[in-house]
Amino acid sequence: FLASLAFVAAALVQVQIDKTLPVFPAAGQSQIKVINLGTDNATVWFEPQIQSVNVT
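In mature numbering (1 follows the signal peptide of the UniProt record, and there is no 0), the protein residues as written are -17 to -1, 1 to 39.
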């Protein structure tokens, strides 16, 4: 009986852990993460398409 409760508890913990896993890009995609710890906005430029993103 206790072993079955342990498996249920482990399953519940694993479900919570799975929610925190990062989402990885699919084939042909890329992913970057910018963490702005400053108080000012940061601008990130993507070339050669010259697109910019403001990070607040």
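Backbone N, C-alpha and C fix where the C-beta goes; we use that ideal spot for every residue, glycine too.
Distance, Cα to Cα, residue i vs residue j?
| i | j | result |
| --- | --- | --- |
| T3 | Q(-4) | 10 Å |
| S(-14) | G21 | 49 Å |
| E30 | A9 | 21 Å |
| K16 | N37 | 13 Å |
| F(-11) | Q14 | 35 Å |
| N19 | F(-17) | 50 Å |
| Q12 | T26 | 21 Å |
| D1 | A(-7) | 10 Å |
| A(-9) | Q(-2) | 11 Å |
| residue 41 | W28 | The displayed coordinates of the chain run from -17 to 39. Any statement about residue 41 would go beyond what the structure contains. |
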